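Numbering-wise, the numbering used here comes out as the position in the sequence shown, counting from 1, plus 1125.
Each residue gets a CB set at the ideal place from its N, CA and C atoms; glycine is no exception.
This one's a predicted model, so the numbers in the text were calculated from it and none came from an experiment.
Only one structure is covered here, and it is reproduced in the block below.
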Amino acid sequence: MLRKFKIATRIQLLFALLLISLGGMLVEYWHASNELIETSSVEVNKQITVQEKQKIEAATSILVSALSSALEGVSDPVEQQQIIQKAFTKIRFEKDKSGYFYGYRGTICVAHGANRSLIGKDLTGLKGPDGAYIIQDLYKIAKSGGGITSFAWNKPGEGVQPKIGSAQFIPGTDIWIGTGIYMTNITKNQEVFKESLMTLIRPRIILVAVLFSVFFAAITFGCFLIIRSILRPLSSVKEGAKSIAAGQLDLHIPTDGADELSELAQAMNAMSKALVDGNSQLLTASAEAKEKAQTAAQAQAEAETNRQHLQTSYNEILRTAHMLEQAAVQSRSKMVTLTDHMRAVSGRSDDQTNQMHEVDAVMEHLHQAALLIKELANQAMEQGKAELETVREGFQMIDRSLSSIKSVHKKANVLQEQMSELDKQADSINKVMVVISDIADQTNLLALNAAIEAARAGDAGRGFAVVADEVRKLAEKTMEATKEVGSTISGIQQSTQLNAQSMDGIAEDITATATLAEESGERFKQIASGVETTYDRSQQISEAADRQANQYTQVSSALEQMEGFVAASGEEVRGATTVIQDLRDTTEQITSVTEELRLHAGSSSK
C-alpha cells in the first residue's frame, strides 16, 4: 500500500509520526509530574500529621512529669491550681501562638493558658461545631492512660478548623492536662512543600521542552538532507532514462558520491555512451549505403560490414545491460543484508530506549525519595531544635526550683534553731517561776506566822494583823499567777516542741524534694543530650539526603541525554531502513528496465 506514495511523502509521514510520539511523551511527562507532586504532598501531609501527634503527646508527657515533681507534697487544691496556672501562662507554641495547655479536675476547668475566664467552670456540655462533646472526650482519653483525639474548633480569624488534641493525668493528683494544634498549620506546610516541589520540577519540564524543540529542528534538518540526498540523484537517473527512451542518447548524469545511486548513474552513463557510439556508426553506415547504392555487391558488402558493426554495438549494449543487471542484483542483495542489519540495530535501539526509560523512572523515584527524606530530616531537625529549647527551659525552671527549695531549707534550719532557743528560754522562765513560787510560799508562811503573833498581841497587834493578812493574800495571788504563768509556759513549751518536730519533718521533706529536683535536673540533662544527638543525626541525614539527591539529579540528566541519543539513533536507523527498502524497489525497477532493454536489443540484432 505504501508503494502508492512517493518516497518523500513516506519520509514526511514517518517524520510526522515521530513528532506525534514525542509530543505524546511530553504530555505524559507533564501529567506524571503533576501526579508525582500530588502524591508526594499527600504522603508528606501524612508524615507531618504523625509527627505533630507525636510532638504534642511528647510535650504533654514532659509537662506532666515536670508538674508531677512540682506538685509533690502539695495537697492544697488551690495551691495546685496556682502552680499549674503559673506554668501554663509561660507556655505558648506554634508560629501563630495558637498552641497552649489547659487543666481540668474532671470536667471543671482549673487552669487555662489562653482564656482564664473559663477557670472554675464545668464544661461538661461544651460542644464543638461538629456536635462532639470535646471536654468529655478528652477526659475519657486521660482516664484511659492518655492519647490523641480529633475535633473541630473555632480558630480566631480563620473560622472552624480541624484540630488534634492530647490529654493525660498528672500522677499523684486528680487533675489532667491537655493541649492541641490546628491542622491548618499542617496544611500550610503541605502547600509550601507542594510549591517547592513544583519549583524543582518546573525547570526540568522547561528543559525537556527545549530539548524537544532542538530535537525537532535536528530531525527536520536531517530528514530534509536525507530526502534531498535520495531524491536528487534518483530524479537525475529517472530523467536520464526518460531521455534515452525519447531518443536522446547523448547525456551525462552527475556521479558525485559513493552510494548505490552513484553506481547506477555511472552504469547509465556507460549505457548512454554505448548507445551514442552505436547510433553514430549506424548513421555512418546509412550514409555510405546511400552513396554506394549503384553497386549492389559493394552495398551488400558494406551492409554486411555495417551489420557486423551494429551487431557489435548491440553486443556492447547487451553486455552493458548485463553488467547493469548484475550490479542491480548485487545492490539488491546488499540492500537486503543492510536492511536486516538496520532492523537488528533498530530493535536493539528500542530495547536500549525501553531500558533507559525504566532506569530513568527508577532514578526519578529514588530522587524524589531522597528529596522527601531530606525534607522530613529538616522538619525533624527543626522539631528537635524546638524540643531542645523546651527541654533547656524546663531544666532552667528545675534549676530555679532547686535554688528556691535550698533557700527554703536554709530558712527552715534557721527557724528550727530559733524554736530550740525559744524552748531553752521557756525552760529558763520556768526555773524563774519556780523560784518565784517558792518565795510566794515562804511569804505566805511568814504572813501566817505574823498573823498568829498579831493575834497573840491583841489589840496592839491588830493593825499588824491586817497588814499580815494583806501580805498573805498577795502571796496567794502571786502563787496563783505563778501557776497560771507556769501553765502558759508549759503550753508554749509543748507547742514549741510540736513545732520543732514539724520543722524536722518539713526539713526532711525539703531535703527529699531537693534530691528529687536534682535527679529531675540530671534526667533533663540526659533528655537534652538525647535531643541534641537526635538533632545532630537529623542534620547529618539531611546533608546526606541532599548529596544523594544531587547525585541522582546528575545520573538522571546523563540517562536522559543517553536516552535521547539512543532514541535519535533508533529513529535514524528506522528512517534509513525505509530508504533502503525504497532503493530496493528502485533497483528492481532498474532491473526490469535493463531486462526489457536486453530483450529489445536481442530482437533488434536478429
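Just confirm the distance between the C-beta atoms of residue 1185 and residue 1270, as a whole number of angstroms; I'd bet it's less than 8 Å.
-> Walking along the sequence shown from the start, residue 1185 turns up at place 60. Walking along the sequence shown from the start, residue 1270 turns up at place 145. That pair is no contact at about 12 Å.
Under the three-state reduction of DSSP, which class applies to residue 1281: helix, strand or coil?
-> Position 156 of the sequence shown holds residue 1281. In this structure, DSSP gives residue 1281 a state outside helix and strand, which the three-state scheme calls coil.
Determine whether the beta carbon atoms of residue 1735 and residue 1266 lie at a separation below 8 Å. Because the chain here runs from 1126 to 1731, residue 1735 falls outside it and cannot be looked at.
task = Verify whether the separation of the beta carbon atoms of residue 1213 and residue 1225 is less than 8 Å.
result = Counting from 1 along the sequence shown, the entry for residue 1213 is found at position 88. Counting from 1 along the sequence shown, the entry for residue 1225 is found at position 100. Cβ atoms of residue 1213 and residue 1225: closer than 8 Å.
Straight-line Cα distance separating residue 1168 from residue 1703
Numbered from its first residue, the sequence shown carries residue 1703 at position 578. Numbered from its first residue, the sequence shown carries residue 1168 at position 43. Straight-line Cα distance between these residues: approximately 49 Å.
Margin query: Can you give me the C-alpha to C-alpha distance between residue 1172 and residue 1238, rounded to a whole angstrom?
Written below: Taking the sequence shown and counting its residues from 1, the one referred to as residue 1172 is at position 47. Taking the sequence shown and counting its residues from 1, the one referred to as residue 1238 is at position 113. The alpha-carbon atoms of residue 1172 and residue 1238 are separated by roughly 28 Å.
When you compare each of 1210, 1164 and 1268 to residue 1316 by their alpha carbons, which one comes out closest? Position 191 of the sequence shown holds residue 1316. Residue 1164 holds the alpha-carbon nearest to the alpha-carbon of residue 1316 among 1210, 1164 and 1268.
> Thinking just about the alpha-carbon of each residue, which of 1190, 1351 and 1345 is nearest to the one in residue 1301?
Replying inline: Here residue 1301 refers to the residue found at position 176 of the sequence shown. Scanning 1190, 1351 and 1345 for the CA closest to the CA of residue 1301 turns up 1190.
Point to revise | Local conformation of residue 1275 per DSSP, three classes | key: Position 150 of the sequence shown holds residue 1275. In the structure shown, the three-state DSSP call for residue 1275 is strand.
Span of the alpha helix (DSSP H) holding residue 1266?
-> Against the sequence shown, residue 1266 aligns to sequence position 141. Residue 1266 -> alpha helix (DSSP H) spans 1259-1268.
Q) Taking contact to mean at least 3 C-beta pairs separated by less than 8 Å, is the region 1344-1351 in contact with the region 1134-1148? A) The way I'd put it, the region 1344-1351 does touch the region 1134-1148; three or more beta-carbon pairs between them come closer than 8 Å.
Query raised in the report: Can you round the beta-carbon distance between residue 1158 and residue 1326 to whole angstroms, since I take them to be within the 8 Å contact cut?
Result: Looking up residue 1158 in the sequence shown gives position 33. Looking up residue 1326 in the sequence shown gives position 201. Separation of the CB atoms of residue 1158 and residue 1326 is rounded to 5 Å, and the pair is thereby assigned contact status at 8 Å.
**Item:** Backbone CA spacing between residue 1350 and residue 1320 [nearest angstrom]
**Value:** To locate residue 1350, count along the sequence shown from 1; it is residue 225. To locate residue 1320, count along the sequence shown from 1; it is residue 195. In a straight line, the C-alpha of residue 1350 is about 45 Å away from that of residue 1320.
Please check the pair residue 1297 and residue 1196, which I expect to be a contact at CB under 8 Å, by giving their CB distance rounded to whole angstroms.
Your numbering for residue 1297 matches position 172 in the sequence shown. Your numbering for residue 1196 matches position 71 in the sequence shown. Correct: roughly 7 Å between the Cβ atoms.
Query - Continuous alpha helix (DSSP H) stretch holding residue 1213: start and end - result: Counted from its first residue, the sequence shown places residue 1213 at position 88. Where residue 1213 is concerned, the enclosing alpha helix (DSSP H) stretches over 1202-1214.
ask   = Where does residue 1187 fall in DSSP's three states?
value = For the purposes of this step, residue 1187 is identified with residue 62 of the sequence shown, where counting begins at 1. Of the three classes helix, strand and coil, the one that applies to residue 1187 here is helix, per DSSP.
Exposed or buried, what is residue 1236 when buried is set at 16 or more other beta-carbons lying within 10 Å of its beta-carbon? Start at 1 with the first residue of the sequence shown, and residue 1236 comes out as number 111. Buried, by the Cβ-count rule.
Quick one: Cα of residue 1233 to Cα of residue 1284, how far? Residue mapping note: residue 1233 aligns to position 108 of the sequence shown, counting from 1. Residue mapping note: residue 1284 aligns to position 159 of the sequence shown, counting from 1. Computed Cα separation, rounded: 26 Å.
* Hey, out of 1182, 1231, 1293 and 1545, whose CA is closest to residue 1244's CA? -> As a working mapping, residue 1244 is identified with position 119 in the sequence shown. Cα-wise, what sits closest to residue 1244 is 1231.
| message | In whole angstroms, give me the CA-to-CA distance for residue 1470 and residue 1328. | response | Here residue 1470 refers to the residue found at position 345 when the sequence shown is read from its first residue. Here residue 1328 refers to the residue found at position 203 when the sequence shown is read from its first residue. Annotation note: pLDDT 49 at residue 1470 (below 50); position unreliable, no value reported.
>> Looking at residue 1151: is its Cβ nearer than 8 Å to the Cβ of residue 1333?
In response: Counting from one through the sequence shown, the residue named residue 1151 turns up at place 26. Counting from one through the sequence shown, the residue named residue 1333 turns up at place 208. It is a contact, given that the beta carbons lie within the stated cut-off.
May I have the straight-line CA-CA distance separating residue 1187 from residue 1175, to the nearest angstrom?
-> Translated into positions along the sequence shown, residue 1187 becomes position 62. Translated into positions along the sequence shown, residue 1175 becomes position 50. When rounded, the separation of the alpha-carbon atoms in residue 1187 and residue 1175 is 18 Å.
Note to self: What does the alpha-carbon distance come out to for the pair residue 1278 and residue 1288?
What the structure shows: Stepping through the sequence shown from its first residue, residue 1278 is reached at position 153. Stepping through the sequence shown from its first residue, residue 1288 is reached at position 163. Each residue's alpha carbon lies about 7 Å from the other.
Alpha carbon of residue 1178 to alpha carbon of residue 1276, nearest angstrom:
On the sequence shown, position 53 is the one that residue 1178 refers to. On the sequence shown, position 151 is the one that residue 1276 refers to. Distance between the alpha carbons of residue 1178 and residue 1276: 13 Å.
Selection from 1549, 1336 and 1379 that minimises the alpha carbon distance to residue 1357: Locating residue 1357 in the sequence shown gives position 232, where the first residue counts as 1. Residue 1357 has its Cα closest to that of 1379, out of 1549, 1336 and 1379.
**Report entry** Length of the line joining the Cα atoms of residue 1542 and residue 1274
**Finding:** Along the sequence shown, read from residue 1 onward, the residue named residue 1542 stands at position 417. Along the sequence shown, read from residue 1 onward, the residue named residue 1274 stands at position 149. Residue 1542 and residue 1274: Cα-Cα distance of roughly 55 Å.
Cβ distance (whole Å) where residue 1219 is taken to contact residue 1306 below 8 Å: Counting from 1 along the sequence shown, the entry for residue 1219 is found at position 94. Counting from 1 along the sequence shown, the entry for residue 1306 is found at position 181. Between residue 1306 and residue 1219 the Cβ distance is about 6 Å, and since that is below 8 Å, they are a contact.
Can you look up residue 1223 in the DSSP assignment and give me helix, strand or coil?
For the purposes of this step, residue 1223 is identified with residue 98 of the sequence shown, where counting begins at 1. In this structure, residue 1223 counts as coil in the three-state DSSP scheme.
request  = State the Cα-Cα distance for the pair residue 1201 and residue 1253, rounded to the nearest angstrom.
outcome  = Locating residue 1201 in the sequence shown gives position 76, where the first residue counts as 1. Locating residue 1253 in the sequence shown gives position 128, where the first residue counts as 1. Computed Cα separation, rounded: 33 Å.
Query raised in the report: Can you name the residues that DSSP bridges to residue 1292?
Result: Reading the sequence shown from its first residue, position 167 is the one you call residue 1292. Beta-bridge pairing links residue 1292 to 1272 and 1303.
Please list the terminal residues of the continuous beta strand (DSSP E) segment that includes residue 1233.
Numbered from its first residue, the sequence shown carries residue 1233 at position 108. Note, residue 1233: beta strand (DSSP E), 1233-1237.
Give me the Cβ distance between residue 1309 and residue 1268, rounded to the nearest whole Å; I'm assuming they're in contact under 8 Å. What you label residue 1309 is simply residue 184 of the sequence shown in a count that begins at 1. What you label residue 1268 is simply residue 143 of the sequence shown in a count that begins at 1. With a contact defined as Cβ atoms closer than 8 Å, residue 1309 and residue 1268 miss out at about 29 Å.
_DSSP bridge partner residues for residue 1218 (one or two, in chain order)_ = Against the sequence shown, residue 1218 aligns to sequence position 93. Note: residue 1218 is bridge-paired with 1224 in the DSSP secondary-structure output.
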